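Student:
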Amino acid sequence: MSNERGQGAFLFLAGLTVGAALGVLFAPQSGKETREHIGERGRKAKADLDELVAEGQERWREAKGKVKEKATMTREEVDDLLKYLFEEGRDLWDRVKHQTHKSSADV
Numbered sequence: 369m370s371n372e373r374g375q376g377a378f379l380f381l382a383g384l385t386v387g388a389a390l391g392v393l394f395a396p397q398s399g400k401e402t403r404e405h406i407g408e409r410g411r412k413a414k415a416d417l418d419e420l421v422a423e424g425q426e427r428w429r430e431a432k433g434k435v436k437e438k439a440t441m442t443r444e445e446v447d448d449l450l451k452y453l454f455e456e457g458r459d460l461w462d463r464v465k466h467q468t469h470k471s472s473a474d475v
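Residue numbering for the sequence shown follows this note's numbering, starting at 369 and increasing by one per position.
(1) Is it true that the CB of Arg-411 sits closer than 9 Å to the CB of Leu-384?
(2) Could you give the DSSP three-state label for Gln-397: helix, strand or coil?
(3) Give every residue of the same chain whose Cβ lies closer than 7 Å to the Cβ of Leu-379, excluding the five residues on either side of it in the sequence, and list them in chain order.
(4) Answer yes or no: do Leu-417 and Ala-382 have a C-beta to C-beta separation smaller than 9 Å?
(5) Residues in the same chain with beta-carbon distance under 7 Å from Glu-427, minus the five sequence neighbours each way, listed in chain order, please.
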């Protein structure tokens, strides 16, 4: 999914660049007007890119939080499993001891 977003951003910037180049080549404007137009397009492109970067940073923070949450849940699940296994092991040990004592008493 992030690869698709990266491709989208790349295609957006490539389209912007091609559009700006074609606009400069075919525009019936003076050099000063063309430079101003290029400056405006550059500022717009920078603002758009800044917005994409901010969105990417926000998504990164969200994903990082989800990973931490999942890691915490997994750790709790592991702790619960270890407690369960310990209790089951203790019960088994008690039964083995009881059976051993019972067997030795029968001999």
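Using N, Cα and C, we set each Cβ at its ideal position, and we do this for glycine too. If you're wondering where the values come from, they're calculated on a predicted model, not measured in any experiment.
Tutor: Reading from the atomic positions:
(1) no
(2) coil
(3) none
(4) No, these two residues do not count as a Cβ contact at 9 Å.
(5) The amino acid occupying residue 427 in the given sequence is Arg; Glu does not appear at that position. No residues qualify anywhere along the chain.
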